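Under the numbering used here, the sequence shown has 176 at position 81, and the numbering climbs by one with no breaks. For reference, the structure discussed in these notes is given below.
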Amino acid sequence: MKNLSVEQIKKLTIAILILILGILLCCSLAMGISGLSVIIGIILLVIGALFLTNSILNKNNGLANPGLGGIAIIAIGMMFIVNKVAGVVFLFIPWFLFILGLVAIADAFLGKFTREENNIHFVIKLTIGIISFILGLLLMVINGFADYASIILGLLLIVYSGYLMYTTFRASAKQV
Numbered sequence: 096m097k098n099l100s101v102e103q104i105k106k107l108t109i110a111i112l113i114l115i116l117g118i119l120l121c122c123s124l125a126m127g128i129s130g131l132s133v134i135i136g137i138i139l140l141v142i143g144a145l146f147l148t149n150s151i152l153n154k155n156n157g158l159a160n161p162g163l164g165g166i167a168i169i170a171i172g173m174m175f176i177v178n179k180v181a182g183v184v185f186l187f188i189p190w191f192l193f194i195l196g197l198v199a200i201a202d203a204f205l206g207k208f209t210r211e212e213n214n215i216h217f218v219i220k221l222t223i224g225i226i227s228f229i230l231g232l233l234l235m236v237i238n239g240f241a242d243y244a245s246i247i248l249g250l251l252l253i254v255y256s257g258y259l260m261y262t263t264f265r266a267s268a269k270q271v
């Protein structure tokens, strides 16, 4: 296996941080909201800084999508640390999952038919989209289901980090 590029190292670092965030969200019932809020805030600051740095260093992008996303992630991280707004943010998880599902489904079909991505990427994106959409809908409709919203979001983040790691190592193996 060839050495990883700087871009692949960044992608792998983000995947590991997302994995940690997912594990923490799965443990949120045991940790309590205030301790979890600070830990999530710090992780979000690091992820946002990586996105922003990547955007600034990439001369073709400027402050396009990754940079603006990084700024938003940093702002959310600061809100978690300073105001301890985790309880309020967890109220948005159903909507986040619902919209994420719709976007992932659309991206899967766009990737399949316009960018001609392979079937594995299509199936993974479509599956994540459908699961996210259904979970978001269930969280909005069923009372009491929201108590487990952080666990559900944590599991999705763990799956997504696995997908990022898979694509990173798959791209690295193709370069050999």
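A virtual CB, placed ideally from N, CA and C, is assigned to each residue, including glycine. Keep in mind that this is a model prediction, so the values were computed, not measured.
Annotation for Glu102: the continuous alpha helix (DSSP H) segment containing it runs Val101 to Cys121. When the beta-carbon positions are compared, Ser150 and Leu192 stay at least 8 Å from each other. Taking the CA atoms as reference points, Val218 sits about 35 Å from Met173. Per DSSP, the continuous alpha helix (DSSP H) segment holding Asn214 begins and ends at Asn214 to Val236.
Counted as a single uninterrupted DSSP element, the alpha helix (DSSP H) harbouring Phe191 occupies residues Ile188 to Phe208. Taking C-beta atoms as the reference points, Gly143 and Ile168 count as a pair closer than 8 Å. Secondary structure at Asn149: helix, using DSSP grouped into helix, strand and coil. Each residue's CA atom was taken as its position, placing Ile246 and Leu234 some 12 Å apart.
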